[in-house]
Each structure stands twice: as C-alpha cells, then as structure tokens.
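In what follows, a single structure is set out as structure tokens and then discussed.
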Amino acid sequence: MLLRVGADDLRAMAGRWEAVAGELTVSAACDVGLPCQASAAAVTAGNADIAAAAGALSARLRTGATRVAAANTGFVGNERGSVGTLDHVKQV
79 MLLRVGADDL
89 RAMAGRWEAV
99 AGELTVSAAC
109 DVGLPCQASA
119 AAVTAGNADI
129 AAAAGALSAR
139 LRTGATRVAA
149 ANTGFVGNER
159 GSVGTLDHVK
169 QV
C-alpha cells in the first residue's frame with residue numbers, strides 16, 4: 079500500500095498539530111474541600127495527573143509537528159532536485 083500526501087497537506091497537518099498542542103490547557107482546579115479529606119486528595123491527585131498528561135501530549139504533538147514540517151521541507155527539496163536532474167536528462 080502506498081500513501082500519497084502532498085506538500086501542502088503535510089504543512090497543514092503540522093500546523094494543525096501545533097494549534098492543537100497550544101489548545102491543550104488545564105484550568106485551575108476548583109476547591110474540592112479540606113485537603114485532609116480523602117476525596118479532596120484524590121481529586122487533587124487526579125487533577126495533577128491530568129495536567130501532566132496534557133503537558134506530555136502537548137510536547138509530543140509539538141515534536142511530531144516539528145518532524146512533519148522538517149520531513150516536508152526535505153521532501154520539497156528532493157522534488158526540486160529531481161526536477162533539475164530530469165531537466166538535464168531531457169536536454170541530453
């Protein structure tokens with residue numbers, strides 16, 4: 079199976095991943111009760127886990143977007159080089 083993706087599509091995908099990474103925010107936790115209560119401690123721990131997961135996902139999205147953008151730049155450069163090579167072959 080061959081996957082064909084255009085340079086504009088790759089650029090758009092990288093941009094969208096960057097945008098989504100920027101949208102991953104966790105709002106401040108509401109006051110859930112006294113910190114000595116087990117339920118309040120559980121909610122606080124859950125909120126911390128959610129914030130950590132959102133941060134990790136955001137970092138992965140940004141890394142992926144950077145890699146896709148770099149791959150796209152390499153792809154476009156390779157295509158330009160191929161066009162130059164083929165133009166030279168046609169003239170021979």
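Residues 79 to 170 (the working numbering) are what the sequence shown spells out, left to right. Glycine included, every Cβ here is placed at the ideal spot set by N, Cα and C. Small disclaimer: the values here were computed from a predicted structure and weren't measured.
Whole angstroms are fine: how far does the CA of G152 sit from the CA of E96?
In this structure, the CA atom of E96 is about 19 Å from the CA atom of G152.
Nearest CA to the CA of V98: which residue from L164, A149 and A132?
Checking every option, the nearest Cα to that of V98 belongs to A132.
Exposure of N156, with buried meaning 16 or more beta-carbon neighbours within 10 Å:
Counting of Cβ neighbours within 10 angstroms places N156 among the exposed residues, the total staying below 16.
Please go through the same chain and pick out, in chain order, the residues whose beta-carbon is closer than 7 Å to the beta-carbon of A85, but skip the five residues on each side of it.
The answer, listed in chain order, is N150, F153 and V154.
Would you call the CB atoms of A92 and A147 closer than 8 Å?
The answer is yes: Cβ separation under 8 Å.
Residues in its own chain within less than 6 Å of R89 by CB, not counting five upstream and five downstream?
Around R89: N150.
Please classify L88: does DSSP put it in a helix, a strand, or coil?
In the structure shown, L88 sits in a helix (DSSP, three-state: H, G or I).
Could you have a look at R82 and say whether DSSP puts it in helix, strand or coil?
In the three-state reduction of the DSSP assignment, R82 falls in the coil class, being assigned neither a helical nor a strand state.
Would N102 and L135 qualify as a contact pair, given that the criterion is a beta-carbon distance under 8 Å?
Reading off the sequence, residue 102 comes out as Leu, not Asn. Yes.
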